[in-house]
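Chains as they are written, first to last, in my numbering: chain A, 101 to 219; chain B, 4 to 112.
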């Protein structure tokens, strides 16, 4: 049942990306160049590969690694959005996200070692 | 001109990101996946941020992008090392064609 929900979410994400790519749904951001739009879709594909590893990873360590990589990829998303829309505050979101991702990865690594959080 | 150089850096970064994510899918083991994905994706994202700096110049966003790239270059190897140590301590087996396991030998000694 849980796997079925995962699959439904993945299919929904793929369908939404395809619809935006084909231009049926008007994009929420005003894109200034077509190249950066396609760069954003390439990064979106990388994020889908990471989510596939989160879904399929046999051990918890695989999932934690994929979450860590996804946290770094989001920084690339923020940079490309910052160039493409001409707004500077996207890179601030990127800095905050990088800090948060680093701390959460260290906490999850400590949890994988079998220690408590308050040690 | 600066825009074009920045876009070239962005394309290089996207290729690195794509190959890193492909390694995350294709490689057989936690440790192989960890080293492929961490190195490739870190370098690719730093390249994208450098492209942002080149296309914006010395503005607020450009300086913040350089700061962000420095932060990633410092913290990503730390988190990867912590993850590998945690995975080894939690008992994840190596791939059966792996040659040696120095960490287990050190633990045994």
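Yeah, the Cβ is synthetic: ideal placement off N, Cα and C, and Gly gets one too.
Beyond the five residues adjoining it in sequence on each side, residue 12 of chain B comes within less than 8 Å, by CB distance, of 50, 51, 53, 54, 57 in the same chain, given in chain order.
Here residue 111 of chain A carries a helix assignment [DSSP, helix/strand/coil]. Secondary structure of residue 178 of chain A (DSSP, three-state): helix.
Residue-level contact by beta carbon fails for residue 42 of chain B and chain A, as no gap is shorter than 8 Å. DSSP, read as helix, strand or coil, puts residue 4 of chain B in coil. Interface annotation for the region 150 to 161 of chain A against chain B: 150, 152, 153, 159, 160, 161, criterion Cβ-Cβ distance under 8 Å. When the five nearest sequence neighbours on each side are left out, the beta carbons in the same chain lying within less than 6 Å of the beta carbon of residue 69 of chain B are those of 56, in order along the chain. For residue 92 of chain B against residue 214 of chain A, the beta-carbon gap comes to about 7 Å, under 8 Å, which counts as contact. In this structure, DSSP gives residue 173 of chain A a helical state, which the three-state scheme calls helix.
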